[in-house]
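Colleague: Please find one structure pasted underneath; my questions will follow.
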Amino acid sequence: MARDYPIELYRNFGIIAHIDAGKTTCSERILFYTGKNHVMGETHDGAGTMDWMEQEQERGITITSAATTTFWERTENGKEPDSPKHRMNIIDTPGHVDFTIEVERSLAVLDGAVTVLDGNAGVEPQTETVWRQADRYKVPRVVFVNKMDKIGADYLNCVRMIEDRTGATAVPINLPIGSESALEGIVDLVTMEEWLWHGDDLGASWEKAPIRAEMQDLADEWRSKLIEAAVEMDDDAMMEYLDGNEPDVPTLRKLIRKGCLDLKFVPVLGGSAFKNKGMQPLLNAVVDYLPSPKDVVDYMGFAPGDEEEVRNIARRADDDMPFSGLAFKIMNDPYMGTLTFTRIYSGTLEKGDTLMNTTKGNKERIGRMVMMHSNKQEEITEAYAGDIIALAGLKNTTTGDTLSDEKQQVVLETMSFPDPVIEIAVEPKTKADQEKMSMGLQRLAAEDPSFRVETDLESGQTIMKGMGELHLDILIDRLKREFKVEANIGAPQVAYRETIGHAVEHTYTHKKQSGGSGQFGEVKLNIMPTEPGEGYSFESLIVGGAVPKEYIPGVEKGIQSVMDSGPLAGFPVIDFKVQLLDGKFHDVDSSVLAFEIAARMCMREGMKKAGAKLLEPIMKVEVITPEEYTGGIIGDLTSRRGQVQGQDTRGNAIAIDAFVPLANMFGYINNLRSMSSGRANFTMQFDHYDPVPSNISQEIQEKFA
9 MARDYPIELY RNFGIIAHID AGKTTCSERI LFYTGKNHVM GETHDGAGTM
59 DWMEQEQERG ITITSAATTT FWERTENGKE PDSPKHRMNI IDTPGHVDFT
109 IEVERSLAVL DGAVTVLDGN AGVEPQTETV WRQADRYKVP RVVFVNKMDK
159 IGADYLNCVR MIEDRTGATA VPINLPIGSE SALEGIVDLV TMEEWLWHGD
209 DLGASWEKAP IRAEMQDLAD EWRSKLIEAA VEMDDDAMME YLDGNEPDVP
259 TLRKLIRKGC LDLKFVPVLG GSAFKNKGMQ PLLNAVVDYL PSPKDVVDYM
309 GFAPGDEEEV RNIARRADDD MPFSGLAFKI MNDPYMGTLT FTRIYSGTLE
359 KGDTLMNTTK GNKERIGRMV MMHSNKQEEI TEAYAGDIIA LAGLKNTTTG
409 DTLSDEKQQV VLETMSFPDP VIEIAVEPKT KADQEKMSMG LQRLAAEDPS
459 FRVETDLESG QTIMKGMGEL HLDILIDRLK REFKVEANIG APQVAYRETI
509 GHAVEHTYTH KKQSGGSGQF GEVKLNIMPT EPGEGYSFES LIVGGAVPKE
559 YIPGVEKGIQ SVMDSGPLAG FPVIDFKVQL LDGKFHDVDS SVLAFEIAAR
609 MCMREGMKKA GAKLLEPIMK VEVITPEEYT GGIIGDLTSR RGQVQGQDTR
659 GNAIAIDAFV PLANMFGYIN NLRSMSSGRA NFTMQFDHYD PVPSNISQEI
709 QEKFA
């Protein structure tokens, strides 16, 4: 199998940002200038190519991550004769915090990223969130400061905010010429010339010019900073620079690339996607500075069945290596059925091949394979290392699963998904809706790992759990539109948790003898709290066979059986550790089941003695408001049991940061609009769990008891 494009010419990257920074507009411009689209789509018109869902087009936001493949020939003055076409696999991700999981699973399979900032707002809360996600996956990135045509846009302030809020070293590689309505183009700090867009051809052409006198000093200053950062990447270049010799343009680009790939600094560019200025330099920067799959260090995995999960099996972007790929997204297509988005890390794949799902231990036969362009498909018969494709009809593969060569198997690192913080009850209106609803919820849960569906054992109600009100709104809307389900929806409920207040030792004996073989098991447990976020752990301290080792799994199973329903109000129990200290057994009557029951009852009694506490999700809230409404908004947040952390100036507005219990934030947007005459907005995301005040805890316990 011979590939059409060398892997060195691949760029697998995502576009990430805070909501409304202009990610999707950037994506549409990229598709236009690379020739993928012949007409520009606008998100405000509901015509964005990458925003293909009805809800995305109606709301003007990105909900799912859309993928596309396009090509770009690096350009300075029209097409450069020696510039090869680069293959760009692009994923446009959501910016709303409720859909952070879409960003998470995209970053897990991408090699690079373009972070888009609003030139007025700079680094916003969700920018920080996706930045941390990119840091976790060690994804090199460039920053595009967008909306430089917007009133109050400040490029250099955005550069400072990148350093202050993310800790990264931000290195501008161009400077905007003018701002707001006077934005003309950019100064390229690598070649030291202007790029100017004046035509009426939607930014497809530009002209070069010498740097104007009034910008020369600023350009010289920032070029010196760029060179100083770049020469740090190479000892020889540093020595040359200290001898008074600046690197030439090709060398400077190589040094910037090294700094970007090694995560030493972040190249920053400016422009306006909406005004069609600065996009070609951004595309060049993707080619020049973001990695190809060959630039990424080996992908490490472990052998199936390795309980220690020692990552000692390497896979790299090479067609000759055994096949390995990661399923990172499931989508239901009305014509092709289930599509599994897959990043191929090594090897090649042909239609008809059989792979092993090493995460689950099942075989999967490859039927149809497609390259994706938003929600449209282009069928293919073969794929290679570095490709991002969709596989149709896989039976048992879900998000995070590894697909591997049958003979040389590997399990790649999977993804972790957050627990939901909000839930609602949903009931079908008719019996006919019941079956459709069950199927619809099952498919939606397969697509979205941050969405859970459970049945309340007492009421029999179906419970939908998600990351926020908008998240659940969209899912309910999809139930109605895609699966034609009519349902009654309950009011949103907080997903509370329980934990213990202090350590306690407790002993329980399970004894049942009523003729014939009986049941006997005694356990002594030490139940103790752990630090927030540490979760659950179990440790056996048994010596001398007080509890035979074959019964210890029963003890742990009994402990885990109470985790889903705490002693106060039946909420899941988190952040605790249990040690098995001692026990007794009977040669005839003891069994795994007897010790499971003993451990379960010991936990139920012990947790009550350990000062069980109710926990509630605390949200990190940021409100952006004109200054005149600040006092009223702070007062309102305080009345919601909020703790205001501070405020700062954001362009011509004020940003207020606070921690507020989720229980007090339902419907907040309506109050905020009323207080600010519709001029303020807010974002919130889960931050941590805190104990519920005793008076409120008592009310909740009475409600759910």
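Sequential numbering of the sequence shown, starting at 9, is according to the working numbering. For glycine and all other residues, C-beta sits at the position ideal for the given N, C-alpha and C.
Please classify Glu506: is it buried, with 16 or more other beta-carbons within 10 angstroms of its beta-carbon, or exposed?
Modeller: Within the sequence shown, the letter at position 498 stands for residue 506. Buried.
Colleague: With a CB to CB cut of under 7 Å and the five nearest residues on each side skipped, what residues in its chain are close to Glu431?
Modeller: Here residue 431 corresponds to residue number 423 of the sequence shown, with the count starting at 1. Hits under 7 Å: Ile471, Met472, Lys473, Gln501, Ala503.
Colleague: Glu386 by DSSP, collapsed to three states: which one?
Modeller: What you label residue 386 is simply residue 378 of the sequence shown in a count that begins at 1. Strand.
Colleague: Please classify Lys31 as buried or exposed, where buried requires at least 16 other C-beta atoms within 10 Å of its C-beta.
Modeller: The residue labelled residue 31 in the question sits at position 23 within the sequence shown. Buried.
Colleague: With 16 as the cutoff for other CB atoms within 10 Å, does Gln450 come out buried or exposed?
Modeller: Locating residue 450 in the sequence shown gives position 442, counting from the first residue. Per the 10 Å Cβ criterion, exposed.
Colleague: Give the list of continuous alpha helix (DSSP H) stretches no shorter than 4 residues that lie fully inside the stretch 152-212.
Modeller: Entirely contained in the stretch 152-212, the alpha helix (DSSP H) runs reaching 4 residues are, in chain order, 163-174.
Colleague: By DSSP, does Phe491 sit in helix, in strand, or in coil?
Modeller: Translated into positions along the sequence shown, residue 491 becomes position 483. Correct three-state label for Phe491: helix.
Colleague: Out of Gln521, Asp590, Gly574, Met571, which has the shortest C-alpha to C-alpha gap to Gly552?
Modeller: Start at 1 with the first residue of the sequence shown, and residue 552 comes out as number 544. Residue Asp590 is the option with its Cα nearest to Gly552.
Colleague: Measuring only the C-alpha atoms, how far is Gly541 from Lys262?
Modeller: Here residue 541 refers to the residue found at position 533 when the sequence shown is read from its first residue. Here residue 262 refers to the residue found at position 254 when the sequence shown is read from its first residue. Going by the C-alpha atoms only, they are around 42 Å apart.
Colleague: Cutting at 7 Å between CB atoms, please list the residues of its own chain near Ser412, excluding the five before and the five after it.
Modeller: The sequence position of residue 412 within the sequence shown is 404, counting from 1. So the qualifying residues of the chain are Phe331, Ser332, Leu363, Met364, Thr366, Val418.
Colleague: For the structure I just gave you, are there three or more beta carbon pairs, one from the stretch 601-610 and one from the stretch 649-660, closer than 8 Å?
Modeller: The answer is no - the stretch 649-660 does not touch the stretch 601-610, with fewer than three Cβ pairs under 8 Å.
Colleague: Can you confirm whether the stretch 162-179 touches the stretch 288-300 when touching is taken to mean that 3 or more C-beta pairs between the two stretches lie within less than 8 Å?
Modeller: The stretch 288-300 vs the stretch 162-179: no contact.
Colleague: Mind checking which residues open and close the alpha helix (DSSP H) that includes Glu222?
Modeller: Numbered from its first residue, the sequence shown carries residue 222 at position 214. Unbroken alpha helix (DSSP H) run through Glu222: 221-239.
Colleague: In whole angstroms, give me the CA-to-CA distance for Ile535 and Met611.
Modeller: If you number the sequence shown from 1, residue 535 lands on position 527. If you number the sequence shown from 1, residue 611 lands on position 603. Approximately 8 Å between the Cα atoms of the pair.
Colleague: As a quick exercise: from Lys403, Gln587, Val304, Glu84, pick the residue whose alpha carbon is nearest that of Ala212.
Modeller: Within the sequence shown, the letter at position 204 stands for residue 212. It is Glu84.
Colleague: Helix, strand or coil for Ala55? Go by DSSP, reduced to three states.
Modeller: Sequence index remark: in the sequence shown, residue 55 carries index 47 (1-based). The predicted position of Ala55 is uncertain, since its pLDDT is 44 and thus under 50; a value taken from the coordinates is nonetheless stated next. The answer is coil: DSSP assigns Ala55 none of H, G, I, E or B.
Colleague: Tell me which residues share the same chain as Glu414 and place their Cβ nearer than 6 Å to its Cβ, disregarding the 5 neighbours each side in the sequence.
Modeller: If you number the sequence shown from 1, residue 414 lands on position 406. The answer, listed in chain order, is Met364.
Colleague: Per the contact definition of three or more C-beta pairs closer than 8 Å, is the stretch 119-131 in contact with the stretch 14-24?
Modeller: They touch, by the three-pair rule.
Colleague: Run through the stretch 610-680 for me and flag every whole beta strand (DSSP E) of 3 or more residues, listed as ranges in chain order.
Modeller: You should have 621-633, 651-658, 661-669.
Colleague: Going by DSSP, name the residue or residues bridged to Ile508.
Modeller: Locating residue 508 in the sequence shown gives position 500, counting from the first residue. Its beta-bridge partners do not exist; DSSP assigns none.
Colleague: Nearest-angstrom Cα distance between Asp665 and Ser569?
Modeller: As a position in the sequence shown, residue 665 is number 657, starting the count at 1. As a position in the sequence shown, residue 569 is number 561, starting the count at 1. Distance between the alpha carbons of Asp665 and Ser569 is about 39 Å.
Colleague: Between which two residues does the alpha helix (DSSP H) harbouring Met445 extend?
Modeller: By one-based count along the sequence shown, residue 445 stands at place 437. Per DSSP, Met445 belongs to the alpha helix (DSSP H) from 439-455.
Colleague: Inspect the beta-carbon positions of Met329 and Ser354 and report whether they are closer than 9 Å.
Modeller: Numbered from its first residue, the sequence shown carries residue 329 at position 321. Numbered from its first residue, the sequence shown carries residue 354 at position 346. Contact flag set, yes.
Colleague: Which residue from Arg376, Leu357, Asp326, Thr407 puts its Cα closest to that of Gly345?
Modeller: Translated into positions along the sequence shown, residue 345 becomes position 337. Here the closest residue by C-alpha is Arg376.
Colleague: Helix, strand or coil: how does DSSP classify Gln501 here?
Modeller: Taking the first residue of the sequence shown as position 1, residue 501 is located at position 493. Correct three-state label for Gln501: strand.
Colleague: Please state the DSSP three-state secondary structure of Met247.
Modeller: Here residue 247 refers to the residue found at position 239 when the sequence shown is read from its first residue. Helix at Met247.
Colleague: Gly468 and Leu533 look like a contact to me (Cβ under 8 Å); what is the Cβ gap, rounded to whole Å?
Modeller: As a first step, residue 468 is located in the sequence shown; it is residue number 460 there, counting from the start. As a first step, residue 533 is located in the sequence shown; it is residue number 525 there, counting from the start. 33 Å between Cβ atoms; not a contact.
Colleague: Counting only the same chain and skipping the five closest in sequence on each side, list residues whose C-beta sits under 7 Å from that of Gly619.
Modeller: Within the sequence shown, numbered from 1, the residue matching residue 619 stands at position 611. Answer for Gly619: Ile508, Gly509, His510, listed in chain order.
Colleague: Measure the C-alpha to C-alpha separation of Thr422 and Ser189 and round it to an integer number of angstroms.
Modeller: Translated into positions along the sequence shown, residue 422 becomes position 414. Translated into positions along the sequence shown, residue 189 becomes position 181. C-alpha separation (whole angstroms): 47 Å.
Colleague: Work out the CA separation of Leu17 and Asp326 for me, nearest whole Å.
Modeller: The sequence position of residue 326 within the sequence shown is 318, counting from 1. The sequence position of residue 17 within the sequence shown is 9, counting from 1. Computed Cα separation, rounded: 14 Å.
Colleague: DSSP beta-bridge partners for Val419?
Modeller: In the sequence shown, residue 419 corresponds to position 411, counting from 1. Beta-bridge pairing links Val419 to Phe310.
Colleague: What are the boundary residues of the beta strand (DSSP E) that Phe584 is part of?
Modeller: Counted from its first residue, the sequence shown places residue 584 at position 576. Element bounds for Phe584: 584-592.
Colleague: How about the stretch 681-697 and the stretch 638-647: do they share at least three Cβ pairs that are nearer than 8 Å?
Modeller: Output reads yes: the stretch 638-647 touches the stretch 681-697.
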